[in-house]
Amino acid sequence: MTEDIAIYIHFLYCKSRCPYCDFFRALQPKVFDEEALVARYLDEIRRFAELCGKRKVKSVFFGGGTPSLLSARAVERVLAEIAGHFALKSGAEISLEANPNTFEKEKFLDFKKAGVNRLSLGVQALESAGLKFLGRTHSLDEALNAMELGAAAFDKFSIDLIYARPGQTWEVWQKEIDLALSFGLKHISLYELSIEEGTVFYKKNIEPLNEEDAAKLYEQTVFYLRSKGVERYEVSNFAFDEANRSVHNLTYWQGGDYIGIGEGAHGRLKTHGKIYATVDGEIKEEISALERAEELLFMGLRVRDGIDTKRFFEVSGVPLFDFLNMKALLRLAELNLVYYDNCHIRATDKGFLVLDEIIRELLE
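Numbering (the working numbering), first residue to last: 44 to 407.
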(Lines of atoms letter the chains of each structure in order from A and count residues from 1; the text may use other names and numbers.)
(Lines give C-alpha, C1' and ligand atoms only; values in the text may rest on other atoms or scores of the structure.)
Protein backbone atom coordinates (compact mmCIF):
# COMPACT_ATOMS: atom_id res chain seq x y z
CA MET A 1 0.00 0.00 0.00
CA THR A 2 1.40 3.38 -1.02
CA GLU A 3 2.06 5.72 1.90
CA ASP A 4 0.70 9.22 2.23
CA ILE A 5 3.32 11.89 1.59
CA ALA A 6 4.23 15.29 3.00
CA ILE A 7 5.15 18.30 0.87
CA TYR A 8 7.59 21.01 1.95
CA ILE A 9 7.49 24.39 0.16
CA HIS A 10 10.72 26.35 0.64
CA PHE A 11 10.64 30.14 0.55
CA LEU A 12 14.24 31.28 0.29
CA TYR A 13 14.05 34.90 1.42
CA CYS A 14 14.19 36.76 4.72
CA LYS A 15 13.99 40.49 5.42
CA SER A 16 17.22 40.29 7.43
CA ARG A 17 19.81 37.71 8.48
CA CYS A 18 19.66 36.54 12.07
CA PRO A 19 23.17 36.20 13.56
CA TYR A 20 22.61 32.59 14.70
CA CYS A 21 20.95 31.23 11.54
CA ASP A 22 22.73 28.86 9.15
CA PHE A 23 19.65 27.82 7.15
CA PHE A 24 19.62 28.04 3.36
CA ARG A 25 18.19 31.53 2.83
CA ALA A 26 18.90 34.92 1.25
CA LEU A 27 17.86 38.52 1.76
CA GLN A 28 14.71 39.39 -0.11
CA PRO A 29 15.55 41.58 -3.12
CA LYS A 30 13.98 45.04 -3.33
CA VAL A 31 12.22 43.96 -6.51
CA PHE A 32 10.75 40.55 -5.76
CA ASP A 33 9.16 38.58 -8.60
CA GLU A 34 6.57 36.53 -6.74
CA GLU A 35 4.91 35.43 -9.97
CA ALA A 36 8.13 33.80 -11.21
CA LEU A 37 8.61 32.04 -7.88
CA VAL A 38 5.07 30.69 -7.83
CA ALA A 39 5.48 29.51 -11.43
CA ARG A 40 8.54 27.53 -10.30
CA TYR A 41 6.59 26.01 -7.41
CA LEU A 42 3.75 24.97 -9.71
CA ASP A 43 6.13 23.46 -12.24
CA GLU A 44 7.91 21.38 -9.59
CA ILE A 45 4.59 20.21 -8.15
CA ARG A 46 3.52 18.98 -11.59
CA ARG A 47 6.84 17.19 -12.14
CA PHE A 48 6.64 15.38 -8.82
CA ALA A 49 3.02 14.45 -9.49
CA GLU A 50 4.10 12.72 -12.69
CA LEU A 51 6.73 10.82 -10.72
CA CYS A 52 4.60 9.92 -7.69
CA GLY A 53 1.17 9.47 -9.18
CA LYS A 54 -1.91 10.73 -7.37
CA ARG A 55 -0.70 9.91 -3.87
CA LYS A 56 -2.49 11.21 -0.81
CA VAL A 57 -0.92 14.27 0.82
CA LYS A 58 -1.22 14.44 4.61
CA SER A 59 0.62 17.72 5.17
CA VAL A 60 2.00 20.79 3.43
CA PHE A 61 4.57 22.96 5.17
CA PHE A 62 5.57 26.44 3.96
CA GLY A 63 9.00 27.02 5.52
CA GLY A 64 12.07 29.08 4.90
CA GLY A 65 13.30 31.72 5.02
CA THR A 66 10.23 33.69 5.93
CA PRO A 67 7.32 32.29 3.90
CA SER A 68 4.88 34.75 5.46
CA LEU A 69 6.46 37.28 3.06
CA LEU A 70 4.48 35.51 0.34
CA SER A 71 1.04 36.84 -0.47
CA ALA A 72 -1.96 34.83 0.68
CA ARG A 73 -2.94 34.53 -2.98
CA ALA A 74 0.39 32.82 -3.76
CA VAL A 75 -0.18 30.31 -0.95
CA GLU A 76 -3.70 29.67 -2.23
CA ARG A 77 -2.42 28.99 -5.76
CA VAL A 78 0.20 26.54 -4.52
CA LEU A 79 -2.36 24.64 -2.45
CA ALA A 80 -4.78 24.54 -5.39
CA GLU A 81 -2.05 23.08 -7.61
CA ILE A 82 -1.26 20.41 -5.03
CA ALA A 83 -4.96 19.54 -4.72
CA GLY A 84 -5.22 19.34 -8.50
CA HIS A 85 -2.35 16.88 -8.98
CA PHE A 86 -2.34 14.95 -5.71
CA ALA A 87 -5.09 13.74 -3.40
CA LEU A 88 -4.98 16.36 -0.65
CA LYS A 89 -6.52 14.60 2.34
CA SER A 90 -9.50 16.12 4.10
CA GLY A 91 -8.16 17.84 7.21
CA ALA A 92 -4.58 17.74 5.95
CA GLU A 93 -2.21 19.80 8.08
CA ILE A 94 -1.27 23.00 6.22
CA SER A 95 1.45 24.84 8.15
CA LEU A 96 3.10 28.19 7.54
CA GLU A 97 6.04 29.76 9.33
CA ALA A 98 5.73 33.45 10.12
CA ASN A 99 7.59 36.21 11.90
CA PRO A 100 5.88 38.60 14.32
CA ASN A 101 6.59 41.78 12.34
CA THR A 102 3.60 44.07 11.92
CA PHE A 103 3.52 43.75 8.13
CA GLU A 104 3.21 39.99 8.28
CA LYS A 105 0.80 39.59 11.16
CA GLU A 106 -1.83 41.64 9.29
CA LYS A 107 -1.98 38.77 6.78
CA PHE A 108 -2.66 35.95 9.23
CA LEU A 109 -6.40 35.84 8.56
CA ASP A 110 -5.78 35.99 4.81
CA PHE A 111 -3.48 32.97 5.10
CA LYS A 112 -6.21 31.12 6.98
CA LYS A 113 -8.71 31.89 4.21
CA ALA A 114 -6.14 30.62 1.69
CA GLY A 115 -6.11 27.22 3.41
CA VAL A 116 -3.45 27.44 6.13
CA ASN A 117 -4.68 25.74 9.32
CA ARG A 118 -1.51 25.70 11.42
CA LEU A 119 0.70 28.71 12.19
CA SER A 120 4.25 28.47 13.50
CA LEU A 121 5.46 31.82 14.81
CA GLY A 122 9.20 32.50 15.04
CA VAL A 123 9.20 34.48 18.28
CA GLN A 124 12.60 33.10 19.52
CA ALA A 125 12.55 35.04 22.82
CA LEU A 126 9.94 36.56 25.10
CA GLU A 127 12.08 39.16 26.81
CA SER A 128 13.57 42.27 25.26
CA ALA A 129 17.23 41.54 26.05
CA GLY A 130 16.93 38.11 24.46
CA LEU A 131 15.36 39.52 21.31
CA LYS A 132 18.12 42.10 21.02
CA PHE A 133 20.86 39.50 21.51
CA LEU A 134 19.33 37.22 18.85
CA GLY A 135 19.16 40.10 16.37
CA ARG A 136 15.41 39.85 15.96
CA THR A 137 13.77 42.74 14.15
CA HIS A 138 10.53 42.59 16.16
CA SER A 139 9.94 43.98 19.64
CA LEU A 140 8.45 42.12 22.59
CA ASP A 141 5.17 44.01 22.13
CA GLU A 142 5.04 42.98 18.47
CA ALA A 143 5.67 39.37 19.46
CA LEU A 144 2.88 39.42 22.04
CA ASN A 145 0.46 41.10 19.65
CA ALA A 146 1.24 38.55 16.94
CA MET A 147 0.81 35.69 19.41
CA GLU A 148 -2.57 37.04 20.47
CA LEU A 149 -3.73 37.25 16.87
CA GLY A 150 -2.26 33.85 15.95
CA ALA A 151 -3.88 32.13 18.91
CA ALA A 152 -7.23 33.68 18.03
CA ALA A 153 -7.03 32.85 14.32
CA PHE A 154 -5.66 29.30 14.37
CA ASP A 155 -6.73 26.25 16.37
CA LYS A 156 -3.26 24.85 15.74
CA PHE A 157 -0.74 27.49 16.72
CA SER A 158 2.88 27.07 17.80
CA ILE A 159 5.84 29.29 18.58
CA ASP A 160 9.61 28.79 18.47
CA LEU A 161 11.85 29.87 21.34
CA ILE A 162 15.64 29.65 21.67
CA TYR A 163 17.24 28.79 25.02
CA ALA A 164 20.81 28.42 26.35
CA ARG A 165 21.55 32.03 25.51
CA PRO A 166 24.70 33.35 27.23
CA GLY A 167 24.05 33.92 30.93
CA GLN A 168 20.44 32.75 30.72
CA THR A 169 19.03 31.61 34.07
CA TRP A 170 16.14 29.28 34.87
CA GLU A 171 14.25 32.16 36.51
CA VAL A 172 14.32 34.25 33.31
CA TRP A 173 13.57 31.26 31.08
CA GLN A 174 10.68 30.12 33.27
CA LYS A 175 9.03 33.53 32.91
CA GLU A 176 9.30 33.23 29.13
CA ILE A 177 7.72 29.78 29.20
CA ASP A 178 4.90 30.95 31.47
CA LEU A 179 4.25 33.93 29.22
CA ALA A 180 4.10 31.66 26.19
CA LEU A 181 1.69 29.24 27.87
CA SER A 182 -0.57 32.10 28.94
CA PHE A 183 -1.69 32.35 25.31
CA GLY A 184 -3.21 28.89 25.43
CA LEU A 185 -0.54 27.29 23.25
CA LYS A 186 -1.02 23.60 22.57
CA HIS A 187 2.38 23.21 20.91
CA ILE A 188 5.77 24.83 21.44
CA SER A 189 9.21 24.27 19.89
CA LEU A 190 12.28 24.98 22.03
CA TYR A 191 15.69 25.01 20.37
CA GLU A 192 19.06 25.10 22.09
CA LEU A 193 21.28 27.88 20.79
CA SER A 194 24.16 26.42 18.82
CA ILE A 195 26.89 28.43 17.16
CA GLU A 196 27.27 27.24 13.58
CA GLU A 197 30.21 27.95 11.30
CA GLY A 198 29.57 30.78 8.87
CA THR A 199 27.09 32.62 11.09
CA VAL A 200 27.62 36.10 12.56
CA PHE A 201 27.75 34.59 16.05
CA TYR A 202 30.51 32.22 14.92
CA LYS A 203 32.56 35.07 13.45
CA LYS A 204 32.14 37.05 16.68
CA ASN A 205 33.14 34.05 18.82
CA ILE A 206 29.87 34.18 20.74
CA GLU A 207 29.63 31.36 23.27
CA PRO A 208 26.25 29.96 24.34
CA LEU A 209 25.53 28.68 27.81
CA ASN A 210 28.06 26.00 28.75
CA GLU A 211 27.09 22.41 28.03
CA GLU A 212 26.39 21.42 31.64
CA ASP A 213 24.19 24.44 32.37
CA ALA A 214 22.37 24.06 29.05
CA ALA A 215 21.59 20.40 29.83
CA LYS A 216 20.31 21.37 33.28
CA LEU A 217 18.14 24.11 31.78
CA TYR A 218 16.72 21.65 29.26
CA GLU A 219 15.99 19.06 31.94
CA GLN A 220 14.25 21.65 34.12
CA THR A 221 12.22 22.74 31.10
CA VAL A 222 11.04 19.22 30.29
CA PHE A 223 9.88 18.55 33.85
CA TYR A 224 8.29 21.98 34.22
CA LEU A 225 6.31 21.68 31.00
CA ARG A 226 5.27 18.16 31.98
CA SER A 227 3.87 19.57 35.22
CA LYS A 228 1.78 21.91 33.06
CA GLY A 229 0.46 19.04 30.95
CA VAL A 230 2.76 19.71 28.00
CA GLU A 231 4.70 16.58 27.02
CA ARG A 232 7.92 16.33 25.03
CA TYR A 233 7.25 14.19 21.98
CA GLU A 234 10.53 15.03 20.23
CA VAL A 235 13.81 16.49 21.49
CA SER A 236 12.77 20.08 20.75
CA ASN A 237 8.99 19.79 20.43
CA PHE A 238 6.27 19.74 23.07
CA ALA A 239 2.50 19.31 22.79
CA PHE A 240 -0.54 18.97 25.04
CA ASP A 241 -1.70 15.84 23.23
CA GLU A 242 -1.17 13.74 20.11
CA ALA A 243 -3.69 15.78 18.12
CA ASN A 244 -1.44 18.84 18.42
CA ARG A 245 1.82 17.19 17.38
CA SER A 246 3.28 18.34 14.07
CA VAL A 247 2.08 15.84 11.47
CA HIS A 248 4.58 17.17 8.95
CA ASN A 249 7.67 16.94 11.13
CA LEU A 250 6.69 13.49 12.38
CA THR A 251 6.91 12.39 8.75
CA TYR A 252 10.62 13.31 8.76
CA TRP A 253 11.31 11.71 12.13
CA GLN A 254 9.45 8.49 11.36
CA GLY A 255 10.92 7.90 7.92
CA GLY A 256 7.94 8.87 5.80
CA ASP A 257 8.08 10.04 2.20
CA TYR A 258 8.26 13.78 1.60
CA ILE A 259 9.04 15.98 -1.35
CA GLY A 260 10.69 19.39 -1.28
CA ILE A 261 9.52 22.17 -3.57
CA GLY A 262 11.61 25.30 -4.18
CA GLU A 263 15.27 26.23 -4.34
CA GLY A 264 17.40 24.13 -1.99
CA ALA A 265 14.47 22.01 -0.81
CA HIS A 266 15.32 18.36 -0.10
CA GLY A 267 13.15 15.26 -0.03
CA ARG A 268 13.08 11.51 0.44
CA LEU A 269 10.95 9.41 -1.88
CA LYS A 270 10.44 5.67 -2.12
CA THR A 271 9.24 4.54 -5.53
CA HIS A 272 9.55 1.27 -7.47
CA GLY A 273 11.20 -0.31 -4.41
CA LYS A 274 14.06 2.20 -4.29
CA ILE A 275 14.74 5.20 -2.04
CA TYR A 276 15.76 8.48 -3.64
CA ALA A 277 17.03 11.82 -2.39
CA THR A 278 15.42 14.77 -4.15
CA VAL A 279 16.62 18.36 -4.34
CA ASP A 280 15.52 21.41 -6.30
CA GLY A 281 12.55 19.54 -7.71
CA GLU A 282 14.59 16.68 -9.16
CA ILE A 283 15.69 13.20 -8.14
CA LYS A 284 19.32 13.63 -7.15
CA GLU A 285 20.50 10.13 -6.28
CA GLU A 286 19.50 6.75 -4.97
CA ILE A 287 20.06 6.22 -1.24
CA SER A 288 21.38 2.85 -0.11
CA ALA A 289 19.52 0.79 2.47
CA LEU A 290 22.29 1.34 5.01
CA GLU A 291 22.27 5.11 4.44
CA ARG A 292 18.51 5.21 4.97
CA ALA A 293 18.84 3.02 8.07
CA GLU A 294 21.36 5.46 9.54
CA GLU A 295 19.03 8.39 8.80
CA LEU A 296 16.17 6.56 10.50
CA LEU A 297 18.26 5.97 13.61
CA PHE A 298 19.29 9.63 13.81
CA MET A 299 15.74 10.86 13.33
CA GLY A 300 13.77 8.15 15.11
CA LEU A 301 15.57 8.34 18.44
CA ARG A 302 14.73 12.05 18.60
CA VAL A 303 11.08 11.08 19.10
CA ARG A 304 9.81 10.08 22.55
CA ASP A 305 8.05 7.02 21.10
CA GLY A 306 11.33 5.93 19.53
CA ILE A 307 11.74 3.51 16.63
CA ASP A 308 9.32 0.74 15.72
CA THR A 309 11.33 -2.27 14.51
CA LYS A 310 8.72 -3.28 11.92
CA ARG A 311 8.56 0.26 10.55
CA PHE A 312 12.36 0.48 10.44
CA PHE A 313 12.53 -2.63 8.26
CA GLU A 314 9.66 -1.51 6.01
CA VAL A 315 11.37 1.81 5.26
CA SER A 316 15.03 0.75 5.02
CA GLY A 317 14.91 -2.97 4.27
CA VAL A 318 17.40 -3.51 7.11
CA PRO A 319 16.52 -5.37 10.36
CA LEU A 320 17.06 -2.89 13.20
CA PHE A 321 18.88 -5.22 15.58
CA ASP A 322 21.17 -6.47 12.80
CA PHE A 323 22.07 -2.86 12.06
CA LEU A 324 22.82 -1.73 15.62
CA ASN A 325 25.88 -2.41 17.75
CA MET A 326 24.12 -4.82 20.12
CA LYS A 327 26.93 -4.78 22.67
CA ALA A 328 26.55 -1.01 22.92
CA LEU A 329 22.75 -1.31 23.08
CA LEU A 330 22.93 -3.70 26.03
CA ARG A 331 25.33 -1.41 27.88
CA LEU A 332 23.18 1.68 27.21
CA ALA A 333 20.09 -0.17 28.44
CA GLU A 334 21.90 -1.16 31.65
CA LEU A 335 22.75 2.52 32.18
CA ASN A 336 19.05 3.39 31.74
CA LEU A 337 19.84 5.54 28.71
CA VAL A 338 17.70 3.52 26.31
CA TYR A 339 14.81 1.09 26.58
CA TYR A 340 14.19 -1.65 24.05
CA ASP A 341 12.15 -4.77 23.46
CA ASN A 342 11.43 -6.87 20.37
CA CYS A 343 9.22 -4.15 18.90
CA HIS A 344 10.75 -0.80 19.89
CA ILE A 345 13.81 1.11 20.94
CA ARG A 346 13.64 4.56 22.51
CA ALA A 347 15.73 6.95 24.57
CA THR A 348 14.84 7.46 28.23
CA ASP A 349 14.57 10.90 29.85
CA LYS A 350 18.16 10.43 30.96
CA GLY A 351 19.16 9.32 27.47
CA PHE A 352 17.72 12.40 25.79
CA LEU A 353 20.43 14.44 27.51
CA VAL A 354 23.19 12.48 25.72
CA LEU A 355 21.39 11.49 22.54
CA ASP A 356 24.27 12.26 20.17
CA GLU A 357 26.58 10.01 22.18
CA ILE A 358 23.99 7.21 22.21
CA ILE A 359 23.63 7.31 18.44
CA ARG A 360 27.41 7.36 17.97
CA GLU A 361 27.82 4.24 20.10
CA LEU A 362 24.97 2.38 18.42
CA LEU A 363 26.61 2.98 15.03
CA GLU A 364 30.12 1.90 16.04
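The C-beta atom is built at its ideal place from N, Cα and C for all residues, glycine as well.
Quiz prompt | Cut-off 6 Å between Cβ atoms - residues of its own chain near D47, not counting five sequence neighbours on either side | solution = Taking the first residue of the sequence shown as position 1, residue 47 is located at position 4. Excluding sequence neighbours, D47 sits near K99, K101.
Self-check item: Residue range of the alpha helix (DSSP H) that includes V346
Solution: Counting from one through the sequence shown, the residue named residue 346 turns up at place 303. Neither: V346 is in no alpha helix (DSSP H) and is coded neither H nor E.
Self-check item: Close beta carbons around K132, own chain, < 8 Å, minus the five adjacent residues each side
Solution: To locate residue 132, count along the sequence shown from 1; it is residue 89. Closer than 8 Å at the Cβ level, and outside the excluded window around K132, lie D47, K99, V100, K101.
Quiz prompt | Residue(s) in a DSSP beta bridge with R335 | solution = Here residue 335 corresponds to residue number 292 of the sequence shown, with the count starting at 1. None; R335 has no bridge partner.
Self-check item: Three-way DSSP call (helix, strand, coil) for F200 in this model
Solution: Residue numbering aside, residue 200 sits at position 157 when the sequence shown is read from its first letter. Correct three-state label for F200: strand.
Quiz item: Which of helix, strand or coil does DSSP assign to F129?
Solution: As a first step, residue 129 is located in the sequence shown; it is residue number 86 there, counting from the start. Under the three-state reduction of DSSP, F129 is assigned to coil, being neither helix nor strand.
Quiz prompt | Cβ-Cβ separation, L260 to W213 (assumed contact under 8 Å), whole Å | solution = Working through the sequence shown from its first residue, we reach residue 213 at position 170. Working through the sequence shown from its first residue, we reach residue 260 at position 217. With a Cβ gap of about 6 Å, W213 and L260 count as contacting.
Quiz prompt | For F154 and N415, the rounded distance between their alpha carbons | solution = Since the first residue of the chain shown is 44 and the last is 407, residue 415 is not available in this structure.
Quiz item: How big is the Cα-Cα spacing for T242 and F66?
Solution: By one-based count along the sequence shown, residue 242 stands at place 199. By one-based count along the sequence shown, residue 66 stands at place 23. Straight-line Cα distance between these residues: approximately 10 Å.
Quiz prompt | Continuous alpha helix (DSSP H) stretch holding H291: start and end | solution = The count along the sequence shown starts at 1 and reaches residue 291 at position 248. Unbroken alpha helix (DSSP H) run through H291: 290-296.
Practice problem: Mind reading off the beta-carbon distance from L252 to A207? Whole number of angstroms is fine, and I expect it under 8 Å. | Solution: Taking the first residue of the sequence shown as 1, we reach residue 252 at position 209. Taking the first residue of the sequence shown as 1, we reach residue 207 at position 164. The Cβ separation is near 4 Å, so the contact holds.
Quiz item: Can you tell me the Cα-Cα spacing of F395 and L80, whole angstroms?
Solution: Position 352 of the sequence shown holds residue 395. Position 37 of the sequence shown holds residue 80. Whole-angstrom Cα-Cα distance: 40 Å.
Self-check item: Cβ contact check for the region 354-361 and the region 315-333: 3 or more pairs under 8 Å
Solution: yes
Quiz item: Three-state secondary structure (DSSP) at I52?
Solution: For the purposes of this step, residue 52 is identified with residue 9 of the sequence shown, where counting begins at 1. I52: strand per DSSP, three-state reduction.
Quiz item: Taking one C-beta from the region 285-304 and one from the region 362-382 each time, how about it: are there three or more such pairs within less than 8 Å?
Solution: no
Quiz prompt | Backbone CA spacing between G134 and A92 [nearest angstrom] | solution = On the sequence shown, residue 134 is found 91 positions in, with the first residue counted as 1. On the sequence shown, residue 92 is found 49 positions in, with the first residue counted as 1. Rounded to whole angstroms, the gap between the alpha carbons of G134 and A92 is 20 Å.
Exercise. With a threshold of 16 other CB atoms inside 10 Å of the CB of R403, please say whether the residue is buried or exposed.
Key: Residue mapping note: residue 403 aligns to position 360 of the sequence shown, counting from 1. Label assigned to R403: exposed.
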